[in-house]
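There are 2 protein chains.
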Amino acid sequence: MPQTEADAALSALLHPRSVAVVGASDDPSRIGGRPIAAMLERGFGGRIFPVNPKRPSIQGLPAFAGVADLPETPDAAIIAVPPAAAEAALQDLAERGTRAAILFTAGFAEMGAEGAAAQARLVAIARRRGMRLLGPNSLGLLNTANGFYGTFTSSLERGYPVPGPIGIASQSGAYGMHLFSMARDLGMGLSCSITTGNEADLTVGDFIAWMAQDPNTEVIAAYSEGIRDGDRFLAALELARRNRKPVVIMKVGRSALGRAAAQSHTASLAGDDAVTDAVLGEFGVVRARTTEELLDIARLATRKIYPVGNTLGVLTVSGGAGVLVSDAADAAGLPMPPMPEAAQAALHRDLPFCAPQNPVDCTAQVLNDLTLVGRFGEALLGEGGYRSALLFFTHAGGAPSITPRLREQLRTLRSRYPDRLMVLCVLADPPQIRQFEDDGFAVFADPSRAVAAIHAMGRFGEAFAAGPVQAPTPGPLLEWPDATPSEAEAKRLLASGGIVAAPERACASAEEAAAAAASLGFPVVLKILSRDILHKSEIGGVLLGVPDAAAVRDGFELLMHRAAEAAPAARLEGVLVAKQLSGGVECILGVHRDPVFGPVALFGLGGIFVEVLRDVALRRCPFGEAEAEAMIRSIRGAPLLQGARGRPPADIPALARMLSRLSLLAHAAGPRLASIDLNPVFAMPAGEGAFAADAVIEIAKDAP
Amino acid sequence: MPQTEADAALSALLHPRSVAVVGASDDPSRIGGRPIAAMLERGFGGRIFPVNPKRPSIQGLPAFAGVADLPETPDAAIIAVPPAAAEAALQDLAERGTRAAILFTAGFAEMGAEGAAAQARLVAIARRRGMRLLGPNSLGLLNTANGFYGTFTSSLERGYPVPGPIGIASQSGAYGMHLFSMARDLGMGLSCSITTGNEADLTVGDFIAWMAQDPNTEVIAAYSEGIRDGDRFLAALELARRNRKPVVIMKVGRSALGRAAAQSHTASLAGDDAVTDAVLGEFGVVRARTTEELLDIARLATRKIYPVGNTLGVLTVSGGAGVLVSDAADAAGLPMPPMPEAAQAALHRDLPFCAPQNPVDCTAQVLNDLTLVGRFGEALLGEGGYRSALLFFTHAGGAPSITPRLREQLRTLRSRYPDRLMVLCVLADPPQIRQFEDDGFAVFADPSRAVAAIHAMGRFGEAFAAGPVQAPTPGPLLEWPDATPSEAEAKRLLASGGIVAAPERACASAEEAAAAAASLGFPVVLKILSRDILHKSEIGGVLLGVPDAAAVRDGFELLMHRAAEAAPAARLEGVLVAKQLSGGVECILGVHRDPVFGPVALFGLGGIFVEVLRDVALRRCPFGEAEAEAMIRSIRGAPLLQGARGRPPADIPALARMLSRLSLLAHAAGPRLASIDLNPVFAMPAGEGAFAADAVIEIAKDAP
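Protein chains in written order, with full-length UniProt numbering: chain A, 1 to 704; chain B, 1 to 704.
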């Protein structure tokens with residue numbers, strides 16, 4: 001599988017034929033002793049070379065005084081010595097041609113400027129020889145396929161995981177091992193678990209890419225505080241998507257408090273959480289809200305059933321649970337369409353007091369006649385045609401008097417509908433649960449958790465079916481100015497990119513303004529025109545609803561006076577006279593350059609919707625009109641554009657066109673473009689277009 | 001404890017000295033056999049009288065042919081025979097003076113009109129003799145204190161719960177037993193578990209009241225689809241609050257889909273979920289979102305530490321987990337203030353690379369020197385003074401090389417701060433977890449779940465500290481008309497209750513209107529005036545911004561013409577001329593009569609905020625100005641009233657006064673008042689008041 005140089009280095013890291021342990025300890029409870037003890041216990045297939053100048057043997061293996069004394073060049077090395085010695089060891093390993101090193105050693109970038117400099121030296125040493133680094137300040141990694149336990153986690157004191165299809169990559173060592181330990185305690189099968197620490201070189205994204213190609217990994221679980229290399233990360237997500245490997249991620253830092261904590265915790269760039277959220281969604285990555293949700297999703301994903309057009313059918317012995325599940329599905333956005341009328345009628349004939357709509361409540365009566373489970377299940381999956389089924393049998397499913405006959409019914413259903421996702425809610429002893437699992441059912445105790453996981457499978461299904469994230473036709477390359485342009489210039493520039501402003505004229509005198517207003521039609525808006533004044537309304541530089549020529553003349557003088565007072569140094573070019581639009585819905589369209597993911601577009605309704613309610617949609621640029629329209633329709637306030645409260649529906653296609661064009665322009669512009677704000681944009685009634693009433697373009701000062 | 005007649009009947013139901021089982025079976029797996037088998041196995045302290053005409057003995061006990069043959073009047077009875085026989089048995093039991101019966105029998109109100117009639121006959125039989133009923137269609141109840149297992153749940157095939165402080169009352173049998181079974185499987189101590197089925201007589205509310213007085217129950221867990229008797233339910237919640245017994249409830253039917261499912265499931269009145277939510281909040285009841293959250297909260301509540309002014313301090317070995325917890329606390333609304341500066345400095349001196357702010361990240365270094373846990377914990381609880389602490393040690397806390405020394409440190413902390421809520425996040429084997437629990441720590445694997453449960457304890461604490469829900473001074477008793485009044489009448493009536501409308505005059509002629517407008521000042525609003533036209537704007541009966549006298553005259557004729565066309569039968573009284581208010585924030589204030597909880601007040605911002613965003617606050621009437629102000633400040637759009645975007649802050653005290661007065665009027669009005677809508681109300685800038693620009697009062701047609 002691995003094809004590139006980078007892939008080869010990662011393979012050396014995860015499948016080394018030989019590994020040196022620098023700072024090896026004979027004490028299996030010490031940091032330098034734990035990996036050796038674990039590898040010996042798990043029968044690591046490769047050769048282990050303990051490096052320790054003080055002992056002839058370590059845990060029964062011959063030890064070597066230094067890296068230079070090793071009988072061969074190890075594929076990989078574990079470095080478990082203090083910082084200064086770590087640098088020397090890395091140098092020796094690099095000289096010998098070792099492909100990759102795991103640095104347990106802490107005391108680098110996480111400790112301030114001096115540590116950061118030392119870390120930079122490690123990277124420089126490695127780069128010179130094409131060596132890759134995990135860490136420093138990493139808890140290491142493990143690979144269950146070959147018993148390579150390059151980690152000193154104390155978690156192994158309580159046992160080893162069963163090999164299986166779930167791989168874990170985590171920036172945080174302790175939290176990554178928390179995930180690992182919970183998964184192991186739950187009996188989940190794991191392929192590998194990797195903690196990237198300071199990410200001086202290799203990042204979580206690199207390991208997502210590796211797992212996307214690893215034949216032993218089918219489901220990828222990740223933890224991240226901040227994404228460093230946007231392009232590599234997105235390429236990894238795309239690779240996983242293409243290989244139909246679902247990625248579920250815990251990306252912390254949703255809240256301001258959380259972001260502050262992340263920044264105090266590591267030097268990581270927490271980034272704009274809403275941007276990250278949008279980017280993850282674009283690639284079909286599911287962002288888990290809690291640790292258990294992450295594990296639930298990973299566990300269910302190992303069934304490898306990813307419904308497209310996911311719908312949920314519920315069969316329940318408890319009406320109450322049916323209501324609970326309906327609430328949870330509604331909150332998640334997982335559709336639960338009703339059963340076909342004819343099927344409902346047939347079920348009613350079979351069991352007069354059932355509730356056959358969906359949830360299908362077959363009542364506790366089925367426990368007296370378990371063949372009803374088969375008949376109701378057949379109706380649900382056959383006639384109902386649901387892509388996913390949640391079957392709620394609670395404690396009854398685990399009652400010894402019921403379990404065997406229930407299993408019989410369920411196994412028939414499972415074999416008749418192999419492509420459907422089937423989740424059982426039963427409370428049973430572990431051996432019974434394993435039986436149900438072996439029969440092809442994922443088992444959950446809490447129905448709400450089951451719903452969240454089922455919903456995630458549908459999101460994976462959509463992403464896998466959608467094909468690669470396609471870039472739309474590139475936008476025109478505009479002649480961006482060297483500095484932030486005036487409003488009139490900004491609008492001219494945007495117009496050349498197909499973004500329409502409200503009719504307006506730049507006027508250098510009061511008379512010119514009065515004439516322009518007369519030709520545009522009253523009322524008009526007057527705005528001070530200066531490339532040096534970005535936020536005009538803050539200095540009183542905008543007059544709305546100016547009704548006639550006399551008022552335009554007065555207004556011109558007033559604005560020039562105010563601007564001269566408020567910004568004496570600003571170059572004043574006159575006043576912009578624009579037709580005052582009415583009858584439209586005020587919107588905000590913008591792009592800003594995210595330091596990780598490049599230009600990101602924003603859509604929202606004007607004023608309070610953005611500023612107070614934060615009701616906005618974001619998307620990485622560029623994108624087409626269909627994606628733009630989906631963004632527009634995704635905000636909470638969208639009904640206002642769709643004709644709520646007796647208004648005419650707004651021209652959403654025109655808005656979508658403008659938004660997509662903005663994204664194309666911004667993408668083509670490169671890093672010199674810091675931001676564009678169109679605020680307000682008037683979305684006129686359907687068929688009448690959308691017009692930017694103001695435009696501000698910011699050019700980055702320090703861009704190339 | 002029990003003092004009333006009702007209490008005595010419930011005690012007979014839960015602590016019977018003797019119980020008859022009508023339809024008793026010798027087969028311990030049959031419905032009529034299960035309760036007897038369970039009581040024999042659990043050593044039920046009372047006498048068991050199996051009733052079965054076909055057998056001389058049942059499961060080793062002497063059996064009786066009929067109720068008349070019983071050697072004594074049983075305190076309680078279990079009825080497990082078909083519907084027709086059930087009625088006869090109930091009759092016999094009532095004749096003998098049995099206090100309470102548990103009806104397993106199904107086939108009543110849940111089966112349509114005929115069943116409902118049969119159910120009504122059961123209630124009538126019981127009422128005549130003062131007998132109380134559980135069910136019909138109930139899975140029964142159990143009481144661990146005396147081994148009374150009046151239930152046929154198959155859950156008991158997998159074991160019995162340990163006795164303990166948590167009581168469960170559930171309308172749904174299967175879901176109630178799901179809760180019970182999960183709790184038992186988790187080893188949670190239970191006092192009782194009750195399922196109320198069709199609630200022909202006794203309801204979940206009745207059992208909440210009973211548990212509020214039961215010395216064996218300290219924490220109340222409940223499930224409800226719809227509340228039937230609002231007054232009894234609220235009295236039960238108040239009793240629980242007064243006795244410092246937390247109530248955590250799963251109230252399903254949040255979504256439209258869920259409510260539809262609830263209605264198809266039982267005859268229960270699902271009610272307005274938002275109203276129920278507001279009422280539960282008022283009494284400090286915590287509404288759980290998932291089954292596990294409910295059990296988490298119940299489990300943590302058994303610690304009986306209910307912080308007032310809850311704050312969370314976090315000590316963590318994982319920076320990543322600290323960020324995750326910060327996000328979860330932020331989402332829950334649980335404050336995490338920073339550590340005092342001096343304490344931070346001291347911790348930095350102790351451990352240079354710690355992050356001491358809060359979360360306090362003591363790093364994995366503490367695992368090398370566990371005394372750091374004691375020092376950091378002391379700083380957190382002593383100098384930090386947090387009411388709740390979350391201590392994250394993940395798998396390390398469960399590592400045999402670490403656990404004993406960690407426990408030692410933690411026990412010291414626990415004994416030094418007995419009043420603090422302390423939650424441990426560790427992954428450990430069950431015996432280690434039990435040790436930590438015995439040491440006084442609640443243990444969670446998932447930190448997000450821990451945060452939700454800790455937050456709930458603070459909400460209980462606030463409710464217990466707040467004292468009883470006090471009714472404010474009663475409002476004036478207005479002379480409500482017999483039928484829905486015109487707008488002018490409505491405003492006069494409300495004015496007599498202290499609710500101020502915008503200045504306005506009712507005018508019978510165009511000239512009168514022009515004169516009124518001149519004296520009020522232009523522009524004005526014109527509105528058709530008729531008691532028969534409630535929704536004026538729907539027939540074009542409102543003109544805004546009428547600028548001068550001529551336009552007023554024209555407008556008068558136009559409105560009379562439109563009204564005559566649109567509603568030929570309506571009595572037209574002329575036109576209302578009102579000063580057009582400007583510069584205020586448009587709000588909506590209203591009350592409507594909820595069928596369960598009586599009048600409920602609503603506050604929201606005008607237009608899209610209510611209609612599209614559903615951004616409203618609700619509260620049961622009556623309430624004072626402080627509660628009204630809290631409602632106003634609780635909506636998402638509140639910043640708009642507080643001076644967002646450069647606006648002047650609105651007169652919130654005037655709004656609060658109006659809202660409270662509305663609640664007092666509505667409460668005093670009784671059931672004849674269906675609703676009052678004040679829409680819009682203009683909240684003017686601070687100090688300038690709030691004015692209702694329109695008022696609609698609806699009088700119930702069928703009210704007494």
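Heads up, the beta-carbon is just placed ideally off N, CA and C, and yes, glycines get one too. Note that the structure is predicted; figures quoted are calculated from it, not measured.
Taking 3 residues as the shortest admissible run, the region 113-170 of chain B contains the following complete beta strand (DSSP E) segments, listed from N- to C-terminal end: 132-134, 140-143, 148-151 and 163-170. By the C-beta density criterion, A/SER582 is exposed, having fewer than 16 other C-beta atoms within 10 angstroms. Note on A/THR4: under 16 other CB atoms within 10 angstroms of its CB, so exposed under the neighbour-count rule. Contact with chain B is absent for A/GLU625, since none of that chain's Cβ atoms lies less than 8 Å from the residue's Cβ. Taking a contact to require three or more Cβ pairs closer than 8 Å, the region 371-385 of chain B and the region 301-321 of chain B qualify as touching. Residues of chain B whose Cβ lies closer than 7 Å to the Cβ of A/PHE44 do not exist; the shortest such Cβ separation is about 22 Å.
In the three-state reduction of the DSSP assignment, A/TYR175 falls in the helix class. Contact check for B/GLY320 against A/TYR175 passes: the beta carbons are separated by less than 8 Å. For B/ALA331, the nearest CB of chain A lies under 8 Å from its own CB, placing it at the interface with that chain. Closer than 8 Å to the CB of A/SER326 there is at least one CB belonging to chain B.
Between the alpha carbons of B/ALA656 and A/ASN679 lies a gap of roughly 35 Å. Annotation: the continuous alpha helix (DSSP H) that includes A/LYS491 extends over 487-496. Boundaries around A/PRO431 are those of the alpha helix (DSSP H), 430-438, since no beta strand (DSSP E) includes it.
Close partners of A/ARG299 in chain B (Cβ separation under 7 Å) are lacking, with about 14 Å as the shortest Cβ gap.
Annotation: the continuous alpha helix (DSSP H) that includes B/GLU462 extends over 447-466. The beta-carbon of A/SER660 is placed no less than 8 Å from the nearest beta-carbon of chain B. Under a 10 Å Cβ-count criterion, A/ALA495 is classified as exposed, with fewer than 16 other Cβ atoms of the shown protein chains found around its own Cβ.
If you draw a straight line from the Cα of A/ALA80 to the Cα of A/VAL285, it is about 35 Å long. A contact is defined here as three or more CB-CB pairs under 8 Å, and the region 6-20 of chain A fails this definition with respect to the region 104-124 of chain A. In the structure shown, B/ALA379 adopts helical secondary structure according to DSSP, grouped into three states. A/PRO35 is positioned such that its CB atom lies closer than 8 Å to that of A/TYR149. Rounded to whole angstroms, the separation of the alpha carbons of A/THR394 and B/THR195 is 15 Å. With a threshold of 16 other beta carbon atoms within 10 Å, A/THR473 falls short and is exposed.
A Cβ-Cβ contact shorter than 8 Å links A/ALA77 with A/ALA20. Judged by DSSP in its simplified three-state form, A/PRO595 adopts coil rather than helix or strand. Between B/GLY135 and B/ASP229, the alpha-carbon positions lie close to 16 Å from each other. According to the DSSP assignment, B/ARG47 belongs to the beta strand (DSSP E) that extends over 47-51. By the 16-neighbour rule on beta-carbons within 10 angstroms, B/GLN171 is buried.
When secondary structure is reduced to three states using DSSP, A/ASP677 falls in the strand class.
Ranked by Cα distance from A/MET211, the first of A/GLY23, A/VAL325, A/GLU199 and A/ALA235 is A/ALA235. Residues of chain A whose Cβ lies closer than 9 Å to the Cβ of B/ASP677 do not exist; the shortest such Cβ separation is about 16 Å. In the three-state reduction of the DSSP assignment, A/VAL219 falls in the strand class. Cβ contact annotation for B/GLU586 (same chain, cutoff 6 Å, sequence separation greater than five): GLY606 and PRO680, in chain order. Here B/VAL317 carries a coil assignment [DSSP, helix/strand/coil].
Taking B/GLY60 as the centre and dropping the five residues before and after it, the same chain places the C-beta of LEU40 closer than 8 Å to its C-beta, in chain order. Shown in chain order are the members of the region 407-429 of chain B whose Cβ falls below 9 Å from a Cβ of chain A: CYS425, LEU427, ALA428 and ASP429.
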